[in-house]
Structures are given as C-alpha cells and as structure tokens.
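Heads up: the sequence shown begins at 182 in our numbering, then just goes up one per residue. The beta-carbon is built from N, C-alpha and C at its ideal position, and this holds for glycine as well. Contents: one structure, followed by commentary.
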Amino acid sequence: MNAPEEKACRLRAQGLTCAAVAVPLRKPSEPSATRASPLVRRAVPADLAALVELENASFSGDRLSLRQWRHHLDNPGAWILVAAQDGHAAGAAVVFFRSGSRVARLYSIAVAASLRGRGLGAELLESVERIARRRHCDRLRLEVRADNPQAQRLYERHGYQRIAHIEGYYEDGADAWRYEKRLA
Ligand SMILES: CC(C)(COP(=O)(O)OP(=O)(O)OC[C@H]1O[C@@H](n2cnc3c(N)ncnc32)[C@H](O)[C@@H]1OP(=O)(O)O)[C@@H](O)C(=O)NCCC(=O)NCCS
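In structure tokens form, the structure reads like this:
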C-alpha cells in the first residue's frame, strides 16, 4: 500500500520532538479575530493519543495509525499542527512537503465534532498556509471526498479551486476532488 503522503491528501497534519512552537494566529484586524482563538502549535509526542482519538472519531476509513502519526512526528517533510483549546487537542492538520517541490500537500484536517462550526478548521487551514509560505511553497493542494460538502465549502471559502476529479480515490471507492490554492 502507498505511504499516506504518496496517496496524498485524503484530504485529510510533522511534529518536532522538541518543545511546541506556536504558529502565529491572524492579526487582530483580520475578520476571524472574533472567532474563538485556539493555540495552533506544532504537535509533540504527548499529543499522540489525542491525535489518534481525533482521527478515529473523524474518519471512517483511510485513517492514520498510531505508528504513522509517530512516524510523521519525526518526519522532517511533514508538519502536524494541533489546535489546542483548554489544553486539549481540539483539531489537527497534517501537511507534507517534498524537497525540490514548491507544492505543499494538505493531507488531513479534522476538528472534534462538538467544536465544529467555531472557526477552528479555518484557523488550522490558515496556519497550514502560513507554514507552507514560510517553507517557500507557492501552492497548496489537497483531496477531499466528493461527498463532503462541508469540507469543500471550507476550502472554497479560502480560495481553493477544483483542479481534478479522481474516481475511486478512497478505500471505500468514493471519488475525490483535488483542490489547489496559489499561495504567492
Ligand atoms: C471540515 C472540518 C475540519 C471543518 O472544521 P470546522 O472547525 O467546523 O470549520 P469552521 O468552523 O472554520 O467552518 C465550518 C463551516 O460550517 C459551519 N457550521 C456551523 N455550525 C456547524 C457545526 N455544528 N458543525 C460544523 N459546521 C458548522 C460554520 O459556520 C462554517 O460555515 P461556512 O463555511 O459557511 O462559513 C470539520 O467539519 C471536520 O473535522 N470534519 C470531519 C473531518 C473531515 O471531513 N475533514 C476534512 C477532510 S477533507
């Protein structure tokens, strides 16, 4: 079976083994200043259990295993971001970078069901974009299930455009839309 990054975004967040690094959230003048402001930071090993729990609660297939999460924490070509609220991992995103490529791949994004609709997904997505820009990427790509209009709306609201339809992309045979955003 392909490694998750090869299969690319389900769509569906690398962590350092060092201390957490907070990703600056948007400036107070920007629209989402009224949203709940979680601390979006890079994941650390102590987040592993919460990441697996979030994964299992958010996706019925194509899930990352504990072993894969651990691998990505140590993978220099990946970032795992955690949106922490009250100290807990309320959401997470996984983005992959490939050396020599300016295209970053958003592999996964998920928010705990009880906390959806409060802007956490948007905060994570915007943090991923900031990291990709910092790593000199000029595009961000992702795949999303064709039957997931809520996630598609989140991406479209953030300027992502459909660039391909992929039949049978997911484990259960569901189709995917590939989306892309120019970051420059
Ligand atoms: C997709 C997902 C990450 C979005 O996270 P989120 O924190 O709900 O995102 P936001 O709050 O920024 O935006 C969600 C939208 O739903 C609306 N919404 C309102 N109440 C909501 C609720 N109870 N639940 C979900 N969305 C709600 C929000 O207002 C917003 O609408 P808009 O796009 O018209 O502005 C989240 O729904 C999720 O984890 N889904 C399951 C996993 C998944 O499908 N991931 C994407 C894989 S491609």
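Length of the line joining the Cα atoms of TYR350 and ALA357: In a straight line, the C-alpha of TYR350 is about 6 Å away from that of ALA357.
Cβ contact check for the region 229–236 and the region 249–262: 3 or more pairs under 8 Å: These segments touch.
Cα-Cα separation between PRO185 and ARG326, rounded to whole angstroms: Caution is warranted here: a pLDDT of 41 is assigned to PRO185, below 50, making its placement in the model unreliable, and the coordinate value is therefore given only provisionally. Taking the CA atoms as reference points, PRO185 sits about 15 Å from ARG326.
Close beta carbons around ALA285, own chain, < 6 Å, minus the five adjacent residues each side: Counting only Cβ-Cβ distances below 6 Å, and skipping sequence neighbours, we find VAL276, PHE278, ALA313, CYS318 and LEU321.
Counted within 10 angstroms of its Cβ, other Cβ atoms place GLY302 as buried (16 or more) or exposed: Burial call: buried.
Residues sharing a beta bridge with ALA324, DSSP: It should be noted that the sequence gives Glu, not Ala, for residue 324. In the DSSP secondary-structure assignment, GLU324 is bridged to ARG359.
beta-carbon VAL275 near ligand 1 non-hydrogen atom, thresh 7 Å: Taking 7 Å as the cut-off, the C-beta of VAL275 does not count as close to any heavy atom of ligand 1.
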